[in-house]
Each structure stands twice: as C-alpha cells, then as structure tokens.
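Q: Residue numbers for the sequence shown follow our numbering, so the first one is 1210 and each next one is one higher.
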Amino acid sequence: MYRMFSARLVAGLIVAVGVGAFGVQADEEIKIELPEPYYGGTPLDYFGSNLEEPTYKKRDPFMAPAGTTNVAKGKTVTSSAGSTNFGKLEQITDGLKEYQEKYVVELPKGHQWIQIDLGKPSAISAIVVWHFHAAERVYFDTAIKVADDAEFTKNVREVYNNDHDNSAGAGKGKDKEYIEKNEGRLVDAKGEVAQFVRLYSKGNTSDDTNHYVEVDVYGIAAK
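(1) Could you have a look at GLU1299 and say whether DSSP puts it in helix, strand or coil?
(2) Is it right to say TYR1308 is buried, meaning 16 or more other beta carbons lie within 10 angstroms of its own, or is it exposed?
(3) If you check the beta carbons only, do ALA1356 and VAL1368 fall under 8 Å apart?
(4) Under three-state DSSP, which class holds LYS1329?
(5) How big is the Cα-Cα spacing for GLN1304 and SER1289?
(6) Going by Cα to Cα distance, which pick from ASP1236, ILE1241, GLU1245, ALA1235 is closest to ALA1344?
(7) What are the boundary residues of the beta strand (DSSP E) that includes SER1415?
(8) Contact between the stretch 1294 to 1304 and the stretch 1252 to 1262 is defined here as three or more beta-carbon pairs at a separation below 8 Å; is this criterion met?
(9) Taking DSSP's pairing of strands, which residues face GLU1261 in a bridge?
(10) To the nearest whole angstrom, what separates the beta carbons of ILE1429 and ALA1281, a pair I think is in contact under 8 Å?
(11) So, does the stretch 1413 to 1425 touch the stretch 1346 to 1353, judging by three or more C-beta pairs under 8 Å?
(12) Assign VAL1424 to buried or exposed, taking buried as 16 or more other Cβ atoms, counted over all protein chains shown, within 10 Å of its Cβ.
(13) Using the Cβ count rule (16 or more neighbours within 10 Å means buried), how would you classify GLU1242?
(14) Would you mind sorting GLY1382 into buried or exposed? The rule is 16 or more other CB atoms within 10 Å of its CB.
(15) Please work out which residues of its chain come closer than 6 Å, Cβ to Cβ, to TYR1312, disregarding the five sequence neighbours upstream and downstream, and give them in chain order.
(16) Using CA coordinates, which residue listed in ALA1379, ASP1358, PHE1256, ASP1397 is at the minimum distance from ASP1326?
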C-alpha cells in the first residue's frame, strides 16, 4: 500500500512540475504544414532487411499538449561538416519544405549530423524530418538524439535509431528504415525535455551524401 501511494505521489509531482515549467494542458492534434507531393523522380530500386513496408495512407493525427508549437522554427543549426556542398544550414529551420533543389541542403559524404539549438529547454512531443522528397529514397543510419548541452555530454537520450547493424559505429538501433515522402518522418519524442536536438545520417540509396529539407520540433518551451 505504501509503495503504491509513493508511486502515485511521485507521478503527481512530475505532472505538477511539468505544468508549472511548460504549461502542459490537455492534448490536441498538432498541425504539421506539409509540402506538396512530387509524383516524378526515379522509382526506388532497393530492398533491405530492415526496410519497413511502404504505406500510402495518410498519417494518423498526432496528439500533443495544447500549446505545442514548432519550437525549432528559425532556430540556429550547426553541423558536423565544415561546410555544406550546397544550401545553407539556416534553411533547415526556415519553414520551407518544398521538393525543388533550392530547398535542399546537402552535407558531404560519411556519417554526418546537424544540430538544432532550441534556445531553451523544451518538452518535445515530436520531431519531423524531411531529408528529400523529390524521389523515393532511403537514408541510412538515421538517428535522432537530444541533450542538455551543445557538446552532447549531458543527459543524452536517443529517440530514434534505424542503424540496426551498427554500421555507423554509434550503437545499434531498433527502428526501421523508411522511404522518404512529403509527409516527412514523424518521431514520437515522448515529452523528453532538452534544448539541443541532433540528427544523424550516412548516405542514401542514390549516393553517399546527406540531405535535409526541413526539421520541425514540436514542443513547449520552458517559461
């Protein structure tokens, strides 16, 4: 009985702290602005043992606490690469998600990451990433981590990883590879509180470079 009471008390304290710091309220559907789909491009000729079955139905609504917004909009983006092959890092959080090349940012070959500084700790409900959607592609060894500091040494948590065989050398993941499309990839971050979001990849089915069109981070910033 005492153990049950203590667990309920702790849970209540967690909720109370969350409400006080982030203004958490009842859930509602988050509104994700989607780019127009592109119906051209080269058909994908790839099969991997970790590739999920493609689905052509619309993504189900994603619910998050009322007041959730894209806290990454206009925020600073940095990268493991010294420079981009084309495009500018600030495009990744500028809100523009169309398929044309001018909206695409290309990083060099190899295991690269981009990092978004949300400006302050935020309770993150979901992260949506658009790597490329002008053709069917799969991006390899994609992972998403969040942390309290820019160096990723404090309270690092992994919220997505589809590197099932540890080919990037950063640890095995349990998520599936997927085919890019205009909906982007939505990752449930389950309310993790962090200021920094880092996204990794290591080439794709078309070439060895890495691409980003846009990253949305839906959350509530600390007051």
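Cβ coordinates follow ideal geometry from the N, Cα and C atoms, glycine included.
A: Reading off the structure:
(1) Residue state, collapsed to three classes: helix.
(2) So TYR1308 counts as buried.
(3) Result no, Cβ atoms of ALA1356 and VAL1368 do not sit closer than 8 Å.
(4) Correct three-state label for LYS1329: strand.
(5) It should be noted that the sequence gives Gly, not Gln, for residue 1304. Straight through space, the alpha carbons of SER1289 and GLY1304 are spaced by roughly 22 Å.
(6) Among ASP1236, ILE1241, GLU1245, ALA1235, the Cα nearest to that of ALA1344 is on GLU1245.
(7) Boundaries for SER1415: no beta strand (DSSP E) harbours it, and the DSSP string shows neither H nor E there.
(8) Counting Cβ pairs under 8 Å, fewer than three are found: no touch.
(9) The partner list for GLU1261 (beta bridge, DSSP) is empty, contrary to what the question assumes.
(10) Actually they do not touch by this definition, with Cβ atoms about 13 Å apart.
(11) The stretch 1413 to 1425 makes contact with the stretch 1346 to 1353: 3 or more CB pairs, one atom from each, lie closer than 8 Å.
(12) By the neighbour-count criterion, in which 16 or more other beta carbons inside 10 Å mark a residue as buried, VAL1424 falls on the buried side.
(13) Within 10 angstroms of the beta-carbon of GLU1242 lie fewer than 16 other beta-carbons, which makes it exposed.
(14) Counting every other CB atom within 10 Å of its CB across the protein chains shown gives GLY1382 a total of 16 or more, marking it as buried.
(15) Around TYR1312: LEU1305, VAL1422.
(16) With distances taken between Cα atoms, ASP1326 lies closest to ASP1358.
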